[in-house]
Amino acid sequence: MKITVTVNGRKIQEDAACDLLLIDFLRAHGCLSVKRGCETSNCGLCTVMLDGRPVLSCSVLAVRADGRRVETLEGLQEEAEEFGAFIADQGAEQCGFCNPGLMMNAIALFRENPEPEEEEIKEYLAGNLCRCSGYEGQLRGIQAYLAWKKGVRS
Amino acid sequence: MKLKSVSQPVRKKDAMQLLTGKPVYLEDVAPAGCLTVKVLRSPHANAIVEEVNEDAALKVPGIEAVYTWEDVPRQRFTMAGQTYPEPSPYDRLILDRHVRYVGDPVAIVAGETEKAVDQALKLLKVKYQVLEAVLDFRKAKDSDILVHPEDSWKSLCPVGADNKRNLCASGESGHGEIDAVLADCDIIVEHTYHTKACQQAMMETFRTCCTIDLYGRLNVLSSTQIVFHVRRILSNALGIPKSGIRVSKPRIGGGFGAKQTVVAEVFPAFVTWMTKKPSMMIFTRQESQTASSPRHEMEVHVKVGAMKDGRIRGVDLYTLSNTGAYGEHGPTTVGLSGHKSIPLYGSLEAHRFSYDVVYTNVMSAGAYRGYGATQGIFALESAVNELAAKLGIDPVELRKRNMVREGQVMPAYYGEQTNSCALDRCLDRAAEMIGWKEKYPRRVLDNGHVRSVGVAMAMQGSGISGVDVGSATLKMNEEGYYTLRIGAADMGTGCDTILAQMAAECMECPIENITVLGADTDASPYDSGSYASSTTYVTGKAVEKACARLREKILETGAELLSCGTEQAEFDGSVVADLQSGRSVTLKEIGTAAMCGSCRALEVTESNSSPISPPPFMAGMAEIDLDPETGHVELVEYAAAVDCGTVVNPNLARVQTEGGIAQGIGMALFEDVQYSGRGKVLENSLMQYKIPTRLDVGKIRVEFESSYEPSGPFGAKSIGEIVINTPAPAIVHAIYNATGKWFRELPVKPERIVMERCED
Amino acid sequence: MLTIQNYVKAESLEQAYELNQKKSSRIIGGMLWLKMSRMRVQTAIDLSGLGLDTIEEEEDSFRIGSMVSLRQLEQHPGLAQSTDGSMRECLRHIVGVQFRNLATLGGSIFGRFGFSDVLTEFMALGAEVELYRGGRISLEQFAAMPADRDILVRVILPKEPGRCSYQSLRNSSTDFPVLACAVCAGENRAAAAAVGARPGRAVLVRDEEGILSAGITEKSAEEFGAYAAAKIRTGSNMRAGAGYRKHLAQVLVKRACLEIGGMQG
Numbered sequence: 001m002k003i004t005v006t007v008n009g010r011k012i013q014e015d016a017a018c019d020l021l022l023i024d025f026l027r028a029h030g031c032l033s034v035k036r037g038c039e040t041s042n043c044g045l046c047t048v049m050l051d052g053r054p055v056l057s058c059s060v061l062a063v064r065a066d067g068r069r070v071e072t073l074e075g076l077q078e079e080a081e082e083f084g085a086f087i088a089d090q091g092a093e094q095c096g097f098c099n100p101g102l103m104m105n106a107i108a109l110f111r112e113n114p115e116p117e118e119e120e121i122k123e124y125l126a127g128n129l130c131r132c133s134g135y136e137g138q139l140r141g142i143q144a145y146l147a148w149k150k151g152v153r154s
Numbered sequence: 001m002k003l004k005s006v007s008q009p010v011r012k013k014d015a016m017q018l019l020t021g022k023p024v025y026l027e028d029v030a031p032a033g034c035l036t037v038k039v040l041r042s043p044h045a046n047a048i049v050e051e052v053n054e055d056a057a058l059k060v061p062g063i064e065a066v067y068t069w070e071d072v073p074r075q076r077f078t079m080a081g082q083t084y085p086e087p088s089p090y091d092r093l094i095l096d097r098h099v100r101y102v103g104d105p106v107a108i109v110a111g112e113t114e115k116a117v118d119q120a121l122k123l124l125k126v127k128y129q130v131l132e133a134v135l136d137f138r139k140a141k142d143s144d145i146l147v148h149p150e151d152s153w154k155s156l157c158p159v160g161a162d163n164k165r166n167l168c169a170s171g172e173s174g175h176g177e178i179d180a181v182l183a184d185c186d187i188i189v190e191h192t193y194h195t196k197a198c199q200q201a202m203m204e205t206f207r208t209c210c211t212i213d214l215y216g217r218l219n220v221l222s223s224t225q226i227v228f229h230v231r232r233i234l235s236n237a238l239g240i241p242k243s244g245i246r247v248s249k250p251r252i253g254g255g256f257g258a259k260q261t262v263v264a265e266v267f268p269a270f271v272t273w274m275t276k277k278p279s280m281m282i283f284t285r286q287e288s289q290t291a292s293s294p295r296h297e298m299e300v301h302v303k304v305g306a307m308k309d310g311r312i313r314g315v316d317l318y319t320l321s322n323t324g325a326y327g328e329h330g331p332t333t334v335g336l337s338g339h340k341s342i343p344l345y346g347s348l349e350a351h352r353f354s355y356d357v358v359y360t361n362v363m364s365a366g367a368y369r370g371y372g373a374t375q376g377i378f379a380l381e382s383a384v385n386e387l388a389a390k391l392g393i394d395p396v397e398l399r400k401r402n403m404v405r406e407g408q409v410m411p412a413y414y415g416e417q418t419n420s421c422a423l424d425r426c427l428d429r430a431a432e433m434i435g436w437k438e439k440y441p442r443r444v445l446d447n448g449h450v451r452s453v454g455v456a457m458a459m460q461g462s463g464i465s466g467v468d469v470g471s472a473t474l475k476m477n478e479e480g481y482y483t484l485r486i487g488a489a490d491m492g493t494g495c496d497t498i499l500a501q502m503a504a505e506c507m508e509c510p511i512e513n514i515t516v517l518g519a520d521t522d523a524s525p526y527d528s529g530s531y532a533s534s535t536t537y538v539t540g541k542a543v544e545k546a547c548a549r550l551r552e553k554i555l556e557t558g559a560e561l562l563s564c565g566t567e568q569a570e571f572d573g574s575v576v577a578d579l580q581s582g583r584s585v586t587l588k589e590i591g592t593a594a595m596c597g598s599c600r601a602l603e604v605t606e607s608n609s610s611p612i613s614p615p616p617f618m619a620g621m622a623e624i625d626l627d628p629e630t631g632h633v634e635l636v637e638y639a640a641a642v643d644c645g646t647v648v649n650p651n652l653a654r655v656q657t658e659g660g661i662a663q664g665i666g667m668a669l670f671e672d673v674q675y676s677g678r679g680k681v682l683e684n685s686l687m688q689y690k691i692p693t694r695l696d697v698g699k700i701r702v703e704f705e706s707s708y709e710p711s712g713p714f715g716a717k718s719i720g721e722i723v724i725n726t727p728a729p730a731i732v733h734a735i736y737n738a739t740g741k742w743f744r745e746l747p748v749k750p751e752r753i754v755m756e757r758c759e760d
Numbered sequence: 001m002l003t004i005q006n007y008v009k010a011e012s013l014e015q016a017y018e019l020n021q022k023k024s025s026r027i028i029g030g031m032l033w034l035k036m037s038r039m040r041v042q043t044a045i046d047l048s049g050l051g052l053d054t055i056e057e058e059e060d061s062f063r064i065g066s067m068v069s070l071r072q073l074e075q076h077p078g079l080a081q082s083t084d085g086s087m088r089e090c091l092r093h094i095v096g097v098q099f100r101n102l103a104t105l106g107g108s109i110f111g112r113f114g115f116s117d118v119l120t121e122f123m124a125l126g127a128e129v130e131l132y133r134g135g136r137i138s139l140e141q142f143a144a145m146p147a148d149r150d151i152l153v154r155v156i157l158p159k160e161p162g163r164c165s166y167q168s169l170r171n172s173s174t175d176f177p178v179l180a181c182a183v184c185a186g187e188n189r190a191a192a193a194a195v196g197a198r199p200g201r202a203v204l205v206r207d208e209e210g211i212l213s214a215g216i217t218e219k220s221a222e223e224f225g226a227y228a229a230a231k232i233r234t235g236s237n238m239r240a241g242a243g244y245r246k247h248l249a250q251v252l253v254k255r256a257c258l259e260i261g262g263m264q265g
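Structure, rendered in C-alpha cells:
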C-alpha cells in the first residue's frame with residue numbers, strides 16, 4: 001500500500017507491506033535509534049512520537065502512520081543532547097540500549113508537563129524498562145535537568 | 001598522591017553517543033543483505049529426532065539452507081565462555097539428534113528475509129521419539145533417565161562429573177571438625193533455601209552477525225563479553241582452526257553474564273561458514289527467555305551452629321544446583337554458593353561445603369551476575385537472620401560479633417586473607433542510613449500496613465585467582481595521545497572509561513588523550529573477558545603495568561632526543577626534561593620523532609593475572625511496607641554500603657550498585673520461573689517475566705565505605721556482581737519482621753504472604 | 001508472526017461490517033494484542049477514519065468512541081469527575097503511557113479479556129455498548145456473550161450521581177492484575193461490584209440483599225466483600241491461585257466500599 005509518512009520533517013513515500021511495523025519502516029529509513037527489546041509491547045525501547053504523542057512503534061502498522069508525523073531521536077538531536085548531558089553526568093546511560101526510548105518518552109513528558117513531580121516522572125516513564133541502572137540515576141539526571149531548565153526559564 | 005582521573009565521576013566516554021541514539025549496536029552496524037538465521041526448537045523436553053522433512057521448507061522462495069543434526073560436525077564442545085581447559089563439560093553439538101529441553105534447537109534455517117524463514121520453519125516436518133523427561137532437579141541424581149547418555153560426552157577437568165549419574169559436578173571441602181563443632185553448639189538452625197533460574201533480561205537480546213572477510217576467514221561480530229572464548233568455542237564447534245576466525249564486539253546492550261556463554265554465535269557462524277554468505281541471528285525475547293543461559297536454580301541446605309551468646313561456630317552447607325540440559329558454568333557457579341557465603345563469618349571454627357550439580361531436561365543455565373554467590377548468600381544470610389530471631393539477638397548485632405574482619409584468613413575462601421575489608425564499617429553505615437535502631441523490627445501504621453526492615457551482608461571476588469588474564473596494549477600516537485587496546489568488554493558497565501581513567505592517571509594526561517579500542521581477537525591483547533568481576537581489578541592492573549613500561553619508553557626516546565641519559569631525564573606527562581640542562585622535549589615531538597627513523601615502538605602490551613581474588617564486601621538493608629490483608633509488599637527504601645576498595649568512578653560504581661540492587665529486588669519479589677508439566681517455561685516474555693519498573697524499586701540509596709586493596713590498581717576491588725546479593729535475604733528478612741513468616745523460596749509474591757503457613 | 005494481506009481504512013461502518021463478516025478479517029484497535037498473535041489476516045480493517053476517537057459528553061452520559069485511547073480516558077476531566085477518579089486508577093497501571101496511547105477502548109472491551117481492568121471498571125459503572133448490528137446492550141450482557149463478527153461502535157457511560165472506587169492487586173506495578181474490582185453506588189442505583197481478572201472475565205455482583213442499603217460501615221463493607229467473594233468463581237493461573245483470589249475479592253471489594261463510604265480501607 002502506498003503511504004506517505006513525515007519522518008523527522010522529511011516526507012517519505014513508499015509502497016509498504018500491510019503488515020510492516022512502524023519500527024521496521026523507521027529502521028529501514030535510517031532511524032536506527034529505534035530499538036526493539038521485546039515482542040509484547042512491554043519494554044518501551046521503540047518509543048517514537050506519532051503526531052506528537054509517544055507510542056510503541058513496534059505495535060503500530062506502518063500503513064497506519066500514513067499521512068501522519070513521526071519523530072524519532074534522530075530528529076530531536078538538540079533536545080537529546082541538552083537533556084542527555086544530565087543523564088551522562090550520572091553515568092546512568094549504562095549499556096545505552098534503552099536510552100533512545102527513554103529519551104523520547106522523557107521529552108514527551110517534559111512537553112506535556114514541564115515541571116513534573118517525582119511521582120509523576122516515575123509514573124509517566126514506568127513503561128520504559130531498564131535493566132542496568134536501577135532507575136535512580138535516571139531520576140537524578142531528570143531532576144537535575146528540570147532544575148536547570150527551570151533556572152533557564154526564570 | 002592526589003588523584004586527577006581515578007576516583008573522579010568522569011562521564012562515560014560513549015555516554016553522549018548512546019544517549020543521542022547513535023547506531024552503535026550489532027543490528028545497527030551489521031552489513032545489509034545478511035541471511036536471516038533462525039532455529040526450529042523442540043517442543044519436547046526429551047526426545048530423539050527421528051526424521052526432519054525439509055522438502056517443503058526448502059521450496060519457500062528465498063530459503064538458502066536448512067541444516068539438521070546430520071549436517072553439523074560431530075565433536076562435542078561447551079558453550080561456556082571460560083578459560084581452557086573449561087571446567088564445563090563438552091556436552092554440546094551445534095544440533096543434536098537428542099533434544100534435551102523444550103527449546104533445544106532441531107534445525108537451522110537461513111533465508112533472505114525473515115518472512116521466508118518464518119514460513120520455512122512452519123513447513124519443517126519433524127518426527128520425534130518422545131522420551132520421558134527428568135524435570136525435577138531433586139530427582140535427577142542417579143535417575144534412570146539420563147540427560148546425557150552419550151559416550152562422546154566428556155569432562156576436561158576433575159570436577160566430579162559423571163554423565164551416567166546425571167552429575168555435571170560434585171565435591172566437598174571444609175575445615176575443622178564440623179560434626180563435632182555442631183554437636184557442641186547450643187543452637188542449630190537448619191533449613192533449605194530455593195532460588196530459581198532467573199533471567200538476566202538485558203535489554204538487547206543475544207545476537208551475532210557473521211561474514212567471510214577478504215582473507216576468507218570467518219569474521220564474527222557478536223554481542224559478547226568474551227571475544228577470545230568465542231573464537232575458541234567456534235573453532236571447537238565448527239572444527240576449523242582458530243587462525244581462521246576473528247571475533248569482535250560492537251557496543252553491547254547489556255550482558256550481566258548472559259553473554260559469557262555462546263548462546264547465539266554457533267548458528268550464524270555455521271551458516272556463514274557453509275554458505276560463505278553473510279548471516280545474522282537475532283534472538284527474540286521469547287528465545288532469550290526460554291533458550292538461553294539463566295541463573296542456576298539452586299537448593300541450598302544450610303546448617304548453622306551457634307552458642308546462646310551469639311557466637312557462630314560452624315556452617316555446614318550443601319548445594320544442589322540445576323544446570324539444566326547442558327553444563328555451562330555448572331561446575332563453577334556452585335562453588336561460589338559456599339565459597340562466597342561461608343567466609344562472611346570469620347568466627348567459624350569449622351565448616352563443610354558439599355554440592356551436586358545435576359543435569360535435568362530444562363533450559364540450561366549459565367552465568368548471571370553473582371554466579372552462585374547470590375544463591376548461597378540468600379541461604380546463609382537468611383539462616384543467620386533466623387538464628388538471630390531464635391537467639392533474640394538483633395541481627396545487626398549478631399553479625400558484628402561474627403563477621404569477617406580485615407587481616408583474617410578465610411578457610412572457606414581458598415585460605416585467602418582479607419587484605420582489605422571494611423565490612424564492619426559497611427554494616428554500621430547501612431544501619432545509620434536506614435535508621436535501623438529506630439526501625440527494627442517493625443511498626444504498624446494507621447492504615448494497618450506494617451513497616452519493617454531487614455538486613456544482609458555479601459561478598460564476591462575480584463576475578464578468578466590464578467586463571468583470569470587481563471591485558472592492555474598502550475600505544476603513543478604522533479600528537480602525544482594514547483590508544484588503549486583491550487580485550488575486556490564494556491557491556492555498559494563503563495570499563496572502557498574506567499581503564500582510560502587509570503591510564504590517564506598513570507600517564508599524567510587528561511582522559512580525553514586516551515582513546516579506547518576493544519575488543520577484537522585480531523587487534524586486542526589476550527584477555528579472558530569481562531566476567532567474574534575481573535575487569536577493574538585484573539585488567540586495571542595490566543593497564544597500570546603497561547603505562548609504567550610505556551613511560552619508560554617515552555623517557556628513553558625523550559632522553560635520546562635530548563642526548564642525555566635516562567637517569568637524568570624526567571617525564572611529567574607532557575614533556576621529557578633533562579634535569580641538568582633544563583632542556584625539554586614535548587610528547588608531540590617525541591611522538592613525531594618515533595615515526596621517523598626510529599627503532600623503538602612506543603607501544604607496550606602487558607598482561608596481568610592475580611594469585612588472589614580479593615572480595616569486595618557490602619551490607620544492604622531493606623525497609624518495606626507490607627499490607628497484611630493482601631500480602632502486597634512495597635519497597636520503601638533500600639540502603640547499601642559497599643566496600644569495593646578504591647572507587648575508581650563514583651558515578652559508575654553507584655549506578656552499578658543501584659542496578660544490581662534493582663535486579664535483586666525483582667528476584668526477591670516477582671521474577672518467577674515456572675514450568676508447565678511438560679517442561680515449558682511459562683515466563684516466556686517481558687509480559688510474563690516481570691522485571692522491576694521504576695515504580696517497583698522504592699528509593700535506593702548507596703554509599704561507599706572504601707578499604708584499600710594493596711594488590712588492586714589504585715587500591716580497587718570489584719563491584720559488578722556483589723551488588724545483586726543482598727536484596728533477596730534482606731527483603732525476606734523484612735517480610736519475616738512484618739509477618740513472622742520465613743520464606744525460603746523466591747520469589748515471595750503477595751499470594752504466598754497471605755496464603756502460606758510457614759513453619760517457624 | 002502476524003501477517004496481513006490487505007489493509008482497508010474503512011470509509012463507513014457498513015463497509016467495515018461487510019468486510020468483517022469474513023473469518024479471515026480483523027478489526028484493528030490498538031494492535032497491541034493482535035500483534036502478538038500468529039494470525040494470518042486476510043483483511044485488516046481500520047476504523048480510525050470514522051471519527052470514533054472522541055469522547056462526547058452529554059447531559060446524562062458520555063458517548064465514547066471505540067477508537068478512543070486508554071490515555072484519552074485517563075486524562076479526560078469529565079470522566080475523572082464522573083467516576084470519582086476511578087477511571088484514572090483503573091488505567092494507570094497498564095504497562096505505560098506509550099502503550100495507553102495506542103490501546104483503544106474498543107479493543108479492550110471487544111476482546112473481553114479476563115485480565116481487563118477496563119472491562120471491570122466500565123462494567124461497574126453500568127456502561128452500555130453500541131454495536132453496529134446488535135444495537136445497544138448492557139456491557140454486562142455483552143461481556144458474557146461469545147465473540148462474534150459485529151462491530152463495537154461506542155461505549156455509553158451513564159452519568160449517575162454516586163461514588164465509585166477501583167481497586168486492584170498486582171504482583172508488580174505494571175503487571176496484569178491478580179484481581180481487580182470496581183464498586184459503584186449511587187442515589188439511583190444499588191451498589192454493585194465488578195470483579196475482574198478472576199482470572200476470567202469480569203462479572204458484576206449486585207447488592208441484591210441490600211447489605212449496603214442502610215449505609216456503608218466497616219461491618220457492612222466487610223459483609224458485602226464476603227458476599228461478593230462468595231458469588232464469584234475464581235480460578236488459578238501463573239499469577240495466583242483460586243483461593244487467594246477469593247480472599248482478595250473479599251478484601252478489595254470491602255476496601256472499595258469503605259472508600260466510597262468515605263472511610264479509607
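Protein chains in written order, with UniProt numbering: chain A, 1 to 154; chain B, 1 to 760; chain C, 1 to 265. Beta carbons: idealized from backbone N, C-alpha and C, even for Gly. Keep in mind the model is a prediction, meaning the values are calculated, not measured.
Near the ligand COA: residue i beta-carbon under 7 Å from a heavy atom
i: Thr217(C); result: As for the ligand COA, it is missing from this structure, which has no ligand bound.
Own chain residues within Cβ distance below 6 Å of residue i, not counting five before or after
i: Glu603(B); result: Lys475
Closest Cα partner of residue i within the set the options
i: Lys164(B); options: Asp142(B), Gly171(B), Asp184(B), Asp179(B); result: Asp142(B)
i: Ala15(B); options: Gly9(A), Glu82(A), Val70(A), Ile107(A); result: Glu82(A)
i: Val203(C); options: Gly134(C), Ala249(C), Val8(C); result: Ala249(C)
i: Pro713(B); options: Phe137(B), Glu177(B), Ala542(B), Arg600(B); result: Ala542(B)
i: Leu139(A); options: Ile554(B), Glu705(B), Lys741(B), Ile700(B); result: Ile700(B)
i: Arg38(C); options: Ser24(C), Gly49(C), Gly51(C); result: Ser24(C)
Supposed close pair residue i, residue j - CB separation, criterion 8 Å
i: Leu484(B); j: Ile514(B); result: 5 Å
i: Met1(A); j: Asp19(A); result: Wrong, their Cβ atoms sit about 11 Å apart, outside the cutoff.
i: Ser341(B); j: Ile377(B); result: 5 Å
Other residues of its chain near residue i: CB distance less than 7 Å, five sequence neighbours each side excluded
i: Ala116(B); result: Val60, Pro61, Gly62, Ile63
i: His44(B); result: Val99, Val102, Tyr128, Val130
Checklist line | 3 or more residues per run - each beta strand (DSSP E) lying fully within the segment 109–179 of chain B | finding: 125–130, 167–175
Check: Which runs of the beta strand (DSSP E) spanning at least 3 residues fall entirely within the segment 91–159 of chain C, listed in chain order?
Finding: Those beta strand (DSSP E) runs which fall completely within the segment 91–159 of chain C and span 3+ residues are 128–131, 135–138, 152–158.
Checklist line | Inter-stretch contact (C-beta, 8 Å, three-pair minimum) for the segment 714–730 of chain B and the segment 632–650 of chain B | finding: A contact exists between the segment 714–730 of chain B and the segment 632–650 of chain B.
Margin query: Restricting to runs no shorter than 4 residues, where is the alpha helix (DSSP H) found entirely within the segment 377–463 of chain B?
Written below: 395–402, 423–434, 436–439
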